[in-house]
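**Student:** Here's a structure for you.
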Amino acid sequence: MKVYLSGRITGDPNYRMKFHGAALPLLALGHEVLNPAEQEGMSDGEAMRGAVRMLLSADAVVMLPDWGYSRGAVLERELAKRIGIPIIYDNRRAAG
(Lines of atoms letter the chains of each structure in order from A and count residues from 1; the text may use other names and numbers.)
(Lines give C-alpha, C1' and ligand atoms only; values in the text may rest on other atoms or scores of the structure.)
Protein backbone atom coordinates (compact mmCIF):
# COMPACT_ATOMS: atom_id res chain seq x y z
CA MET A 1 0.00 0.00 0.00
CA LYS A 2 1.21 3.53 -0.79
CA VAL A 3 1.02 5.62 2.38
CA TYR A 4 1.46 9.40 2.34
CA LEU A 5 2.81 11.15 5.46
CA SER A 6 1.25 14.49 6.38
CA GLY A 7 2.47 16.78 9.14
CA ARG A 8 4.14 20.06 9.98
CA ILE A 9 7.30 20.86 8.04
CA THR A 10 7.51 24.66 7.97
CA GLY A 11 8.83 26.00 11.26
CA ASP A 12 9.89 22.58 12.59
CA PRO A 13 13.69 22.27 12.54
CA ASN A 14 13.41 18.51 13.24
CA TYR A 15 10.85 17.70 10.56
CA ARG A 16 13.14 15.36 8.61
CA MET A 17 13.83 13.22 11.68
CA LYS A 18 10.13 13.23 12.62
CA PHE A 19 9.00 12.12 9.15
CA HIS A 20 11.78 9.51 8.93
CA GLY A 21 10.73 8.11 12.33
CA ALA A 22 7.12 7.88 11.16
CA ALA A 23 8.17 6.14 7.93
CA LEU A 24 10.23 3.37 9.55
CA PRO A 25 7.41 1.25 11.03
CA LEU A 26 5.40 1.60 7.81
CA LEU A 27 8.36 0.46 5.73
CA ALA A 28 8.88 -2.47 8.12
CA LEU A 29 5.28 -3.52 7.42
CA GLY A 30 6.02 -3.51 3.69
CA HIS A 31 4.28 -0.27 2.75
CA GLU A 32 5.61 2.19 0.21
CA VAL A 33 5.98 5.52 2.03
CA LEU A 34 5.39 8.77 0.18
CA ASN A 35 7.36 11.28 2.23
CA PRO A 36 7.11 14.99 1.36
CA ALA A 37 9.97 15.76 3.76
CA GLU A 38 12.36 14.17 1.28
CA GLN A 39 11.77 16.94 -1.27
CA GLU A 40 14.67 19.37 -1.41
CA GLY A 41 15.68 22.54 -3.20
CA MET A 42 12.17 23.77 -3.98
CA SER A 43 10.17 26.88 -3.25
CA ASP A 44 7.22 26.46 -0.89
CA GLY A 45 4.82 26.43 -3.84
CA GLU A 46 6.83 23.82 -5.74
CA ALA A 47 7.08 21.65 -2.62
CA MET A 48 3.32 21.83 -2.03
CA ARG A 49 2.58 20.92 -5.66
CA GLY A 50 4.93 17.94 -5.32
CA ALA A 51 3.26 16.96 -2.05
CA VAL A 52 -0.20 17.08 -3.64
CA ARG A 53 1.01 14.90 -6.54
CA MET A 54 2.27 12.36 -3.99
CA LEU A 55 -0.96 12.52 -2.03
CA LEU A 56 -3.06 11.93 -5.14
CA SER A 57 -1.19 8.68 -5.79
CA ALA A 58 -1.60 7.41 -2.21
CA ASP A 59 -3.83 4.60 -0.97
CA ALA A 60 -3.94 6.12 2.54
CA VAL A 61 -2.74 9.19 4.42
CA VAL A 62 -1.13 9.13 7.85
CA MET A 63 -1.61 12.37 9.75
CA LEU A 64 1.30 12.96 12.13
CA PRO A 65 0.40 14.30 15.60
CA ASP A 66 1.25 17.93 14.73
CA TRP A 67 -0.74 18.08 11.48
CA GLY A 68 -3.16 20.66 12.88
CA TYR A 69 -0.35 23.22 13.19
CA SER A 70 0.38 23.09 9.45
CA ARG A 71 -1.69 24.88 6.82
CA GLY A 72 -0.34 22.45 4.22
CA ALA A 73 -1.25 19.37 6.26
CA VAL A 74 -4.74 20.76 6.96
CA LEU A 75 -5.15 21.21 3.20
CA GLU A 76 -3.85 17.69 2.54
CA ARG A 77 -6.32 16.24 5.05
CA GLU A 78 -9.23 18.10 3.45
CA LEU A 79 -8.19 16.97 -0.03
CA ALA A 80 -7.90 13.35 1.12
CA LYS A 81 -11.37 13.55 2.73
CA ARG A 82 -12.92 15.07 -0.38
CA ILE A 83 -11.53 12.48 -2.79
CA GLY A 84 -12.00 9.47 -0.54
CA ILE A 85 -8.46 8.57 0.47
CA PRO A 86 -8.57 6.86 3.90
CA ILE A 87 -6.99 8.89 6.70
CA ILE A 88 -5.13 7.33 9.62
CA TYR A 89 -4.27 9.46 12.65
CA ASP A 90 -0.94 8.88 14.37
CA ASN A 91 -1.91 9.60 17.97
CA ARG A 92 1.58 9.60 19.43
CA ARG A 93 2.32 12.72 21.41
CA ALA A 94 3.68 15.53 19.23
CA ALA A 95 7.16 16.71 20.13
CA GLY A 96 7.68 20.33 21.06
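All residue numbers for the sequence shown refer to this note's numbering, where the first residue is -15 and numbers rise by one.
Beta carbons: idealized from backbone N, C-alpha and C, even for Gly.
Quick check: the Cα distance between Asp43 and Glu16, rounded to an integer number of angstroms?
**Tutor:** Counting from one through the sequence shown, the residue named residue 43 turns up at place 59. Counting from one through the sequence shown, the residue named residue 16 turns up at place 32. Going from the Cα of Asp43 to the Cα of Glu16 covers about 10 Å.
**Student:** May I have the straight-line CA-CA distance separating Tyr53 from Arg0, to the nearest angstrom?
**Tutor:** Here residue 53 refers to the residue found at position 69 of the sequence shown. Here residue 0 refers to the residue found at position 16 of the sequence shown. Each residue's alpha carbon lies about 16 Å from the other.
**Student:** Give me the Cα-Cα distance between Leu11 and Lys2, rounded to the nearest whole angstrom.
**Tutor:** Within the sequence shown, residue 11 is the residue found at index 27, counting from 1. Within the sequence shown, residue 2 is the residue found at index 18, counting from 1. Between Leu11 and Lys2, the C-alpha separation is close to 15 Å.
**Student:** Could you check whether Val(-13) and Leu18 sit closer than 9 Å to each other, using their CB atoms as the reference points?
**Tutor:** Locating residue 18 in the sequence shown gives position 34, counting from the first residue. Locating residue -13 in the sequence shown gives position 3, counting from the first residue. Contact: yes.
**Student:** Have a look at Pro49 and Glu30 and give me their C-alpha separation to the nearest angstrom.
**Tutor:** Position 65 of the sequence shown, counting from 1, holds the residue named residue 49. Position 46 of the sequence shown, counting from 1, holds the residue named residue 30. Computed Cα separation, rounded: 24 Å.
**Student:** Can you pull the DSSP bridge partners for Tyr73?
**Tutor:** Residue 73 sits at position 89 when you count from the first residue of the sequence shown. Looking at the DSSP assignment, Tyr73 forms a beta bridge with Met47.
**Student:** Please state whether the Cβ-Cβ distance between Gly56 and Thr(-6) is less than 9 Å.
**Tutor:** Residue numbering aside, residue 56 sits at position 72 when the sequence shown is read from its first letter. Residue numbering aside, residue -6 sits at position 10 when the sequence shown is read from its first letter. Yes, the pair counts as a contact, with Cβ atoms nearer than the cut-off.
**Student:** Check this for me: beta carbons of Pro20 and Leu(-11), under 9 Å apart or not?
**Tutor:** Taking the sequence shown and counting its residues from 1, one reaches residue 20 at position 36. Taking the sequence shown and counting its residues from 1, one reaches residue -11 at position 5. Yes, Cβ-Cβ distance for Pro20 and Leu(-11) is below 9 Å.
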